Amino acid sequence: MRLAALIPAFALGLAACASTPPDAVRGTGDLGVVIERAAGRVQVIEHSHNTRLGTIAGLGDLSHAHVAFSRDARYAYVFGRDGGLTKVDLLTRRIDKRVIQAGNSIGGSVSQNGKLVVAQNYEPGGIKAFDADTLELLADVPAEYAPGKFSRVVGLADVSGQRFVYALFDANEIRVTDFSDPKNPVTTRYPAGKQPYDGLVTPDGRYFLAGLFGEDGISLLDLWKPEAGARKILAGYGRGEEKLPVFKMPHLRGWSLAAGQAWLPAIGRHEVLVADAGTWAETGRIPVKGQPVFVMARPDGRQIWVNFAFPDNEWVQVIDTVDKRVVHTFSPGKAVLHMEFTPRGENVWLSSRDSNRVSVVDTATFAVRKELPADAPSGIFFTSRAQRIGF
Amino acid sequence: MDRPLLLHVAVLLGLTALAVSAAQSAEPPQPDPARQQALVHMVRQDCGSCHGMRLTGGLGPALTPERLAEWPDDSLVATIIHGRPGTAMPGWERFLNESEAGWIVARLKQGFPPLD
């Protein structure tokens with residue numbers, strides 16, 4: 422009798438879970454955010470069962486939006502193109518705090534101790550540090566490179582000691598700003614190659630690599646020996662040949678290291694460049710379908726997934742890191758803008774802007790596990806980023 | 020199902036109205052409505068990856084009426100078709116002809132239409 426009475430209650434409980442009311446007790450380790458760029462909205466998703474939990478609107482211009490996560494992986498910091506910085510609660514699916522911190526922004530990152538959120542801005546060129554709880558402005562660090570001239574900032578990455586590394590597109594420099602005393606940051610400047618367009622730190626936070634648009638090569642700064650300055654690797658990879666047009670800039674992040682090698686997009690060549698991650702000497706180059714945009718290692722390092730700039734942006738290619746060749750080419754939809762691996766890499770989520778969907782693909786079999794509708798989706802960001810250096 | 024259809028009709032009507040009003044001033048030949056829609060999409064989304072979806076600037080400068088007002092149309096068309104060597108602005112001649120680039124420039128100068 423008693424058991425029979427319990428069953429309906431239990432079933433009810435399950436039904437309630439299925440619709441996941443905002444106040445349900447749950448973890449956040451399998452949550453993520455999908456940017457719906459034109460709608461100024463994000464979807465909150467979970468990748469244990471591949472479902473959408475809800476949406477949060479009112480986030481402004483989300484072209485080139487970037488997301489970082491609080492240390493407890495409950496909050497997403499959404500950086501909008503229009504300078505909006507919004508702290509979103511993934512559990513209640515509400516906006517917790519929102520500030521307009523710049524005129525034109527392209528992203529940001531969280532400090533090692535989780536206490537600072539730092540935004541990188543094009544207008545006004547520079548970086549700004551905010552209290553991660555309240556979004557109160559703590560420090561403004563303009564990227565001034567000549568009197569009254571401010572550079573657009575790219576490639577911002579958090580490293581140990583509340584330091585942030587970034588590059589100056591307009592000033593051919595790498596800078597390191599130390600926020601140990603948040604209100605009195607200290608910045609060191611390192612001359613670098615021409616027109617750095619993005620940057621990354623290796624997963625251990627030791628090397629900062631700035632991809633260059635203005636010349637063939639990558640600027641590399643060893644943060645364990647910063648006094649040695651930045652040096653150039655993969656110099657002259659274009660071999661003096663004329664560049665192919667680049668219809669979208671590649672993006673770099675700390676997912677480029679796999680199998681002891683760095684896997685990097687060439688600029689103006691339809692190639693992925695491979696360098697030894699100890700000596701930084703070129704060890705290979707892999708011809709691909711178009712101008713690579715994201716060159717991302719599966720978390721175990723056995724595969725590299727590549728998407729492409731317009732007009733080849735319906736394609737995705739998978740490179741085997743042992744054979745150093747493309748093993749799979751497919752199209753999950755039109756205008757594939759971003760990919761995100763689940764934390765251990767059994768699945769990858771891909772956004773197809775012009776097909777209005779997100780596809781979940783099994784990385785072992787390449788089978789499509791699920792397709793979720795989304796309005797012109799761009800970036801996909803999982804909370805596992807909260808625990809990684811340089812994201 | 021109804022809403023997208025309605026929107027579609029509204030956009031087509033809007034584009035037709037644009038085409039009619041534009042035809043009265045001396046402008047380059049108009050792309051047909053479907054092509055116009057494709058061009059709006061291309062500018063907001065693909066040009067938008069550098070100029071911002073709202074065309075307020077990014078790696079490329081803002082393409083707002085205020086900013087473009089002083090540039091002669093010909094020179095902007097040439098920038099779009101051939102790009103600016105030595106900068107990140109690529110040439111789009113594989114995807115656009117001059118009259119389409121002219122149509123884009125005219126729209127940019129008067130405030131670019133929204134996505135459908």
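For the record, the sequence lines run as chains B and F. The working numbering numbers the first residue of the first sequence as 422 and each following residue consecutively. The working numbering numbers the first residue of the second sequence as 20 and each following residue consecutively. Where is the CB? At the ideal position from N, CA and C, for every residue including glycine. Computed from a prediction, not measured in an experiment: that's the story for all the values here.
| Check | Outcome |
| --- | --- |
| N- and C-terminal bounds of the beta strand (DSSP E) containing B/Asp619 | 617 to 622 |
| Members of the segment 448 to 465 of chain B that neighbour chain F once the beta carbon cut-off is set at 7 Å | Arg458, Ala459 |
| Helix, strand or coil at B/Val693 according to DSSP, with G and I counted as helix | strand |
| Anticipated Cβ contact below 8 Å, B/Val597 with B/Val622, distance rounded | B/Val597 to B/Val622, Cβ: 11 Å. No contact. |
| Same chain, Cβ closer than 6 Å to B/Met524, neighbours up to 5 away in sequence not counted | Just to set this straight, residue 524 of chain B is Gly in the shown sequence, not Met. Excluding positions up to five away in sequence, the list reads Gly504, Glu544. |
| For F/Ser118, three-class secondary structure by DSSP | helix |
| For B/Val781 and B/Pro734, the rounded distance between their alpha carbons | It should be pointed out that residue 734 of chain B corresponds to Asn in this sequence rather than to Pro. Looking at the two C-alpha atoms, the distance is approximately 18 Å. |
| Inter-stretch contact at 8 Å, needing at least 3 Cβ pairs: the segment 444 to 461 of chain B / the segment 482 to 501 of chain B | yes |
| Cα-Cα separation, F/Gly121 to F/Arg86 | 17 Å |
| Chain F contacts from the segment 653 to 687 of chain B (Cβ-Cβ distance under 7 Å) | Pro666, Val667, Phe668, Lys669, Met670 |
| Residue-chain proximity (F/Gly79, chain B), Cβ-Cβ < 8 Å | no |
| Same chain, Cβ closer than 6 Å to B/Arg515, neighbours up to 5 away in sequence not counted | none |
| Validate contact between the segment 626 to 639 of chain B and the segment 677 to 687 of chain B using beta carbons, cut 8 Å, 3 pairs | yes |
| Closer than 7 Å at the beta carbon, the chain F residues around B/His485 | Gly77 |
| Check whether B/Lys899 and B/Asp561 have beta carbons under 8 Å apart | Given a span of 422 to 812 for chain B in the structure shown, any question on residue 899 of chain B remains unanswerable. |
| Where B/Lys646 sits in the DSSP three-state scheme | coil |
| Whether B/Val693 touches B/Ile740 by CB criterion (8 Å) | yes |
| Beta-carbon spacing of B/Ala567, B/Glu594 below 8 Å | no |
| Cross-chain neighbours of B/Phe729 in chain F, by beta carbon under 7 Å | The premise fails here: B/Phe729 is roughly 12 Å from chain F at the closest Cβ pair, so nothing lies under 7 Å. |
| Sub-8 Å separation of B/Phe812 and B/Arg674 beta-carbons | yes |
| B/Phe431 (DSSP reduced to helix, strand or coil) | Caution applies to B/Phe431, whose pLDDT of 42 falls short of 50 and renders its modelled position unreliable; the value that the coordinates give is listed next. Correct three-state label for B/Phe431: helix. |
| Where F/His70 falls: helix, strand or coil (DSSP) | helix |
| Anticipated Cβ contact below 8 Å, B/Lys653 with B/Gly705, distance rounded | With 8 Å as the limit, B/Lys653 and B/Gly705 do not qualify as a contact, their Cβ atoms being about 19 Å apart. |
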